[in-house]
Amino acid sequence: MMTNQTLGRWGRPPARQCEYLVVSFSPFSAPLRQRWRNNGVSADFLGDYVKAFLPAEINHAEIQHAVAFVANEFLENAMKYHECSVDIPIGLRLELTSEEIALTVSNSIGPAQAERYRDFVANMLSQDTGDLILARMEQGADGSDESASGLGLLTMMSDYGVELGWRFEAQPDYPEMMTVTTSAVLNLTNPEGAA
Amino acid sequence: MKTITGESFEVRTEEGRNVVFFKGALRLSGSEDYAPILEMLKGTLSEPVATVLVDLRDLDFLNSSGITMLSRFVIEARDRTGIDLHFVVSEAIPWHLRSLKNLQRLMPALKIRLN
Chain A
178 MMTNQTLGRW GRPPARQCEY LVVSFSPFSA PLRQRWRNNG VSADFLGDYV
228 KAFLPAEINH AEIQHAVAFV ANEFLENAMK YHECSVDIPI GLRLELTSEE
278 IALTVSNSIG PAQAERYRDF VANMLSQDTG DLILARMEQG ADGSDESASG
328 LGLLTMMSDY GVELGWRFEA QPDYPEMMTV TTSAVLNLTN PEGAA
Chain B
549 MKTITGESFE VRTEEGRNVV FFKGALRLSG SEDYAPILEM LKGTLSEPVA
599 TVLVDLRDLD FLNSSGITML SRFVIEARDR TGIDLHFVVS EAIPWHLRSL
649 KNLQRLMPAL KIRLN
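Residue numbers (my numbering), protein chains in the order written: chain A, 178 to 372; chain B, 549 to 663.
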């Protein structure tokens with residue numbers, strides 16, 4: 178059985194002033210096709226939402242787009258890989274402080290899939306992001322979605338300066354399930370987006 | 549003129565002109581859904597041509613599956629001889645220049661026009 182683990186950047190210093198917004202989706206409420214459309218609606222909403230809280234000196238359009246891109250990729254991945262046989266919702270959380278914006282998504286997967294994903298993440302973190310993007314694109318030329326997977330996460334790191342972290346945890350209510358939580362942190366004090 | 553439309557996007561090409569215009573937000577779910585658009589793009593490579601233009605100026609959003617689709621097209625163009633490929637992008641849309649630099653690494657001869 179896989180034990181609880183964290184990879185990448187995980188955990189932030191407690192902020193005195195933190196505001197957050199949580200969106201939750203039940204796997205039973207709508208089929209994937211129908212749900213897909215809502216990913217864009219939710220992602221655009223979060224992008225618009227953060228814009229209202231940003232200080233004037235930050236490039237609003239850049240941050241709005243970065244949040245919308247990350248939220249959309251997180252939701253797409255969660256919808257694709259979430260274990261739909263159990264009543265565990267997909268959760269998306271947006272957290273704002275004066276220094277950073279953190280987006281986290283959590284979904285449930287089986288233990289074998291969790292181990293494969295953990296190994297994939299560990300491998301991704303051990304290599305140069307720019308080189309990996311090129312390698313993924315070259316592999317993706319064969320047309321398979323699997324070989325193209327990971328490009329969204331790599332794009333977040335490479336194009337948006339996002340720091341990613343992962344937490345794999347056992348599910349107390351469903352011993353046969355793991356919860357994977359992915360976190361993306363955008364630094365506002367020195368954002369890539371405002372460069 | 550050939551057009552592919554969805555709820556939030558439009559992709560069109562004009563007969564006899566090797567130009568493909570993108571508009572809106574593209575968030576299709578994978579290579580199968582992107583296949584018709586990739587075919588339209590590859591159609592611009594079917595005859596010996598001097599210049600191929602991909603106009604992204606009105607494309608506000610592209611998910612990672614869409615970036616993968618563009619990279620497949622760029623690899624196809626790169627692997628044929630004599631293709632002069634241009635992407636037309638907008639400075640006002642944050643992802644354009646950032647994400648296209650990776651495509652340019654795939655095909656160094658790719659030209660990016662800022663408009």
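Glycine included, every Cβ here is placed at the ideal spot set by N, Cα and C.
No experiment lies behind these values; they were computed from the predicted model shown.
With respect to the 8 Å criterion, ALA625 (chain B) and VAL600 (chain B) are classified as neighbours on the basis of their beta carbons. Membership of GLU196 (chain A) in the beta strand (DSSP E) is indicated by the continuous run 196-202. Taking CB atoms only, GLU639 (chain B) has no neighbour in chain A less than 8 Å away.
Bridge pairing for ASN364 (chain A): A:GLU277 [DSSP]. Spatial neighbours of GLU353 (chain A) in its own chain (CB-CB distance under 8 Å, excluding positions within 5 residues in sequence) are listed in chain order as GLY287, PRO288.
Rounded to the nearest angstrom, the Cβ distance from LEU330 (chain A) to MET301 (chain A) is 7 Å, consistent with a contact under 8 Å. Contact of ALA657 (chain B) with chain A is not assigned, every C-beta pair being separated by 8 Å or more. Closer than 7 Å at the C-beta level to chain A, one finds these residues of the stretch 615-631 of chain B: ILE615, THR616, SER619, ARG620, ILE623.
Closer than 9 Å at the C-beta level to chain B, one finds these residues of the stretch 213-226 of chain A: TRP213, ARG214, ASN216, GLY217, ALA220, ASP221.
Proximity of LEU654 (chain B) to chain A, defined by a Cβ-Cβ separation below 8 Å, is satisfied. For the pair LEU610 (chain B) and ASN181 (chain A), the Cα-to-Cα distance works out to about 34 Å. Beyond the five residues adjoining it in sequence on each side, VAL263 (chain A) comes within less than 7 Å, by CB distance, of SER285, TYR351, MET354 in the same chain, given in chain order.
Close CB contacts of ASN566 (chain B) within its chain, under the 7 Å cut and outside five residues either way in sequence, are with THR592, VAL597, THR599, VAL600, LEU601 (chain order).
Around LEU654 (chain B), the same chain offers SER619, VAL622, ILE623, ARG626 as residues with beta carbons nearer than 7 Å, after the five sequence neighbours per side are excluded. Residue pairing of ASN284 (chain A) in beta bridges, as defined by DSSP: A:VAL357. Of the residues B:ALA573, B:ASN650, B:PHE635, the one whose Cα lies closest to the Cα of LEU662 (chain B) is B:PHE635.
At least one CB atom of chain A sits nearer than 8 Å to the CB of PRO642 (chain B). DSSP places PHE230 (chain A) in no beta strand (DSSP E); its state is neither H nor E.
In this structure, GLU276 (chain A) lies near ASN364 (chain A), with their beta-carbon atoms less than 8 Å apart. Within the stretch 243-256 of chain A, the residues whose Cβ lies closer than 8 Å to any Cβ of chain B are, in chain order, ALA243, ALA245, PHE246, ASN249, GLU250, GLU253. The DSSP-derived three-state label of ASP305 (chain A) is coil.
Just so you know, the alpha carbons of GLU292 (chain A) and ARG605 (chain B) end up roughly 41 Å apart.
Rounded to whole angstroms, GLU196 (chain A) and LEU273 (chain A) show a C-alpha spacing of 5 Å. Beta bridge pairing from DSSP links LYS550 (chain B) with B:THR561. Classified as buried, GLN241 (chain A) has 16 or more neighbouring CB atoms from the shown chains inside 10 Å of its CB. Along the stretch 556-576 of chain B, going in chain order, the ones with a CB nearer than 8 Å to a CB of chain A are SER556, ALA573, ARG575. Under the Cβ distance rule, ALA238 (chain A) counts among the residues neighbouring chain B, one pair being separated by less than 8 Å.
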